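Data first, discussion second: the structure below is written as structure tokens.
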Amino acid sequence: MNIENVIAVVFNGIISIYINCLFFEIFSPKKEIRGRRIIIVLLTVVFILSLLLQISKAVNFITLLAVVLVLSCLYNTKWYIRAFLTFAIILLSSFAELIVAILISEIFNVSLETLKTGYYFIIGSLASKLISFIITAIIRFGKYSLPLRKLWGLWLYVSMLPLASVIMLFVISEYIFIIEDRPLMQLITMIGMFLLIGINILVFYVINKICDYYTVRQDLIVANELIEGQRKSYRSLFDSQTEIKKVRHDLKNVLIGVMHELETNNIDSAKEYLRTCYGSLENNTNTIVSGNSIVDTLLFAKKQIAK
Numbered sequence: 003m004n005i006e007n008v009i010a011v012v013f014n015g016i017i018s019i020y021i022n023c024l025f026f027e028i029f030s031p032k033k034e035i036r037g038r039r040i041i042i043v044l045l046t047v048v049f050i051l052s053l054l055l056q057i058s059k060a061v062n063f064i065t066l067l068a069v070v071l072v073l074s075c076l077y078n079t080k081w082y083i084r085a086f087l088t089f090a091i092i093l094l095s096s097f098a099e100l101i102v103a104i105l106i107s108e109i110f111n112v113s114l115e116t117l118k119t120g121y122y123f124i125i126g127s128l129a130s131k132l133i134s135f136i137i138t139a140i141i142r143f144g145k146y147s148l149p150l151r152k153l154w155g156l157w158l159y160v161s162m163l164p165l166a167s168v169i170m171l172f173v174i175s176e177y178i179f180i181i182e183d184r185p186l187m188q189l190i191t192m193i194g195m196f197l198l199i200g201i202n203i204l205v206f207y208v209i210n211k212i213c214d215y216y217t218v219r220q221d222l223i224v225a226n227e228l229i230e231g232q233r234k235s236y237r238s239l240f241d242s243q244t245e246i247k248k249v250r251h252d253l254k255n256v257l258i259g260v261m262h263e264l265e266t267n268n269i270d271s272a273k274e275y276l277r278t279c280y281g282s283l284e285n286n287t288n289t290i291v292s293g294n295s296i297v298d299t300l301l302f303a304k305k306q307i308a309k
């Protein structure tokens, strides 16, 4: 295996693991595990070694399946969902490879066996990873309804980047075969292809952070509104408690006055005093009737504020 193939295999291995992590994050949160990054690095190394050694297709597939399954254990979800997502991401990668193989075969007019060798293999691997990443990124950003509305202008411009990258990838691929007698330029061109895919990943990573920022900002706005609502509720409750204390104090004075009138046998004066107090209470009675005591209380409070 020449240096170009080794670089391509290492790059594809790293991108594959990154795409798998991105895919799992769509459907489940990360587990809080110490040494998480070390585990991911070790899985990446194992996967790359399996591709470099090329023992057999069966061994490569089993290794890929094992690596993705272990990777899925780093996310907090049920085992059958992890198994489903594992097969889903493998099918997605296979679908991207099939699409790219058909396109390259038609564009360059070569057989499928030829695609497994030389620069055809490198180009196909890079293009399939780019398509897998684009599909995964679209699925991931589909959940950001708020940022999508706020950043529609940015998305309009950025959405052209993957399309342009795929087209440029095939254009550069044609150029590689034109300069077959210049190995150094072929290597530089291939590195340019790596950078092109890296730019796509970097741009979507930045957008992901921007979407996270807007999501957190919206959550803070909602939380502040809830806190303000609770503050008003507590204030209303405090005012109600103050009013109750005032009523208790007034009632105590009423009872003292009535007892005094009764002790001095001023029955008529006591009746008049009670009648006056009753009329005052009747004027402040909550006359709002909605069928719900809580709603009546809230409406009455708002009515008093309006007055």
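Residue 3 is where the sequence shown starts when you use my numbering, and the numbers rise one by one after that.
Beta carbons are placed, not taken as given, at the ideal position from N, Cα and C, and that holds for glycine.
Quick caveat: nothing in here was measured; it's all calculated off a predicted structure.
Give the single residue among the options whose Cα lies nearest to the Cα of residue i.
i, options, result
"Glu263", "Ser134, Ile201, Tyr275", "Tyr275"
"Leu129", "Lys309, Ala272, Arg277, Asn14", "Inspection of the sequence shows that residue 129 is occupied by Ala rather than by Leu. Of the candidates Lys309, Ala272, Arg277, Asn14, the one whose C-alpha sits nearest the C-alpha of Ala129 is Asn14."
"Leu197", "Cys213, Tyr216, Ile174", "Ile174"
"Phe206", "Leu163, Leu94, Ala10", "Leu163"
"Ile50", "Asn62, Leu301, Arg39", "Asn62"
"Phe172", "Ile212, Met195, Ile17, Pro31", "Met195"
"Ile201", "Ser167, Lys211, Glu176", "Ser167"
"Thr79", "Phe29, Asp221, Phe179, Ser271", "Phe29"
"Val47", "Lys32, Leu66, Ile35", "Leu66"
"Thr278", "Phe26, Val260, Trp81", "Val260"
"Leu165", "Val208, Thr88, Ile199", "Ile199"
Pick helix, strand or coil for residue i, following the three-state DSSP scheme.
i, result
"Lys33", "coil"
"Ser130", "helix"
"Lys309", "coil"
"Glu6", "helix"
"Ser235", "helix"
"Leu148", "Unreliable placement is indicated for Leu148, whose pLDDT of 49 sits below 50; no coordinate value is reported for it."
"Thr138", "helix"
"Thr119", "coil"
"Asn255", "helix"
"Val11", "helix"
"Val224", "helix"
"Ser113", "coil"
"Thr244", "helix"
"Thr46", "helix"
"Asn268", "coil"
For my contact list, residue i and residue j are in at a C-beta cut-off of 8 angstroms; report their separation, rounded to the angstrom.
i, j, result
"Leu117", "Ala103", "6 angstroms"
"Leu73", "Cys23", "7 angstroms"
"Phe123", "Cys213", "With a Cβ gap of about 35 angstroms, Phe123 and Cys213 do not count as contacting."
Does any residue of chain D bring its CB to less than 7 angstroms from the CB of residue i?
i, result
"Ala98", "Structure shown: chain D not included; a single protein chain is present."
Determine the contact status of residue i and residue j, defining contact as a CB-CB distance below 7 angstroms.
i, j, result
"Val112", "Leu54", "no"
"Ile9", "Ser134", "no"
"Met192", "Glu6", "yes"
"Ile106", "Gly126", "yes"
"Ile17", "Lys131", "yes"
"Ile91", "Phe25", "yes"
"Tyr121", "Ile178", "yes"
"Leu45", "Val69", "yes"
"Leu76", "Lys33", "yes"
In chain order, each alpha helix (DSSP H) run of at least 4 residues that lies wholly inside the region 49 to 110: 59 to 74, 81 to 110
My parser needs the alpha helix (DSSP H) runs of 4 or more residues fully inside the region 150 to 209; what are they? 154 to 160, 162 to 180
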